[in-house]
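Reviewing the structure listed below.
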Amino acid sequence: MAKVVYSAGIDHVSGALSKPSKNGQHSCEKMLLATHRVAATESSDCNRIYLREAPKRRTHFSSKELAVHTRFTEVQAMVRTRAKDLMKVTEDQENFAAQLNTSGGKRTMKAYLWKVCGAEYDAQHNG
326 MAKVVYSAGI DHVSGALSKP SKNGQHSCEK MLLATHRVAA TESSDCNRIY
376 LREAPKRRTH FSSKELAVHT RFTEVQAMVR TRAKDLMKVT EDQENFAAQL
426 NTSGGKRTMK AYLWKVCGAE YDAQHNG
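So this is what it looks like as structure tokens:
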């Protein structure tokens with residue numbers, strides 16, 4: 326942790342100043358983070374900068390994690406396809422409006438399509 330003083334005209338910076346790059350010849354494994362404390366305080370030292378190493382996974386993906394990744398990828402593709410399918414747009418809009426004010430109803434069309442496509446995927450793959 327270090328105290329930071331920025332050049333004239335810059336009051337504070339918050340967020341990642343540099344991130345590890347997975348591409349290219351030079352891939353740095355450290356992240357430079359700047360924070361600005363916004364909580365009420367009497368101290369004027371409210372800027373901090375941290376150098377953090379990128380987390381490294383030490384274990385292989387389990388079969389459950391691989392299944393979750395596969396489901397997400399396939400449902401995402403189903404949602405994208407269904408949203409563009411002109412044969413289903415009207416029906417989906419009607420069904421979305423019907424479930425909107427029910428308990429557990431989805432509030433956005435995209436969330437509704439994720440629910441529908443996820444249930445369809447589960448029905449196809451789990452019985």
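Numbering of the sequence shown is given in this note's numbering, commencing with residue 326 and proceeding in unit increments. We put the CB at the ideal spot given by N, CA and C, even for glycine. Bear in mind that the values here come from a model prediction, so they are computed numbers and not experimental data.
(request) In angstroms with no decimal places, state the Cα-to-Cα distance between K389 and M403. (result) C-alpha separation (whole angstroms): 21 Å.
(request) Could you tell me the distance, in whole angstroms, from the CA atom of A296 to the CA atom of W439? (result) Past the edges of the chain, shown from 326 to 452, lies residue 296, and the structure says nothing about it.
(request) Would you kindly work out how many angstroms separate the C-alpha atoms of T384 and V400, rounded to a whole number? (result) Distance between the alpha carbons of T384 and V400 is about 26 Å.
(request) Rounded to whole angstroms, what's the CA-CA distance from K344 to L376? Just pull it up for me. (result) Roughly 10 Å separates the two Cα atoms.
(request) Would you identify the three-state DSSP class for E354, choosing helix, strand or coil? (result) E354 carries a coil assignment under DSSP once its states are collapsed to helix, strand and coil.
(request) Determine contact between the segment 360–372 and the segment 406–416, defined as no fewer than three beta-carbon pairs at a distance below 8 Å. (result) In this structure the segment 360–372 does not touch the segment 406–416; the number of beta carbon pairs closer than 8 Å is below three.
(message) Pop quiz: H361 and V393 are said to be a contact at Cβ under 8 Å. What is the actual Cβ separation, rounded to whole angstroms?
(response) Incorrect: roughly 36 Å between the Cβ atoms, too far for contact.
(request) Using the Cα positions of V363 and I335, report the straight-line distance between them to the nearest angstrom. (result) Whole-angstrom Cα-Cα distance: 16 Å.
(request) Could you tell me if F397 is buried or exposed, where buried requires 16 or more neighbouring beta carbons within 10 angstroms of its beta carbon? (result) By the Cβ neighbour-count rule, F397 is exposed, with fewer than 16 other Cβ atoms within 10 Å of its own.
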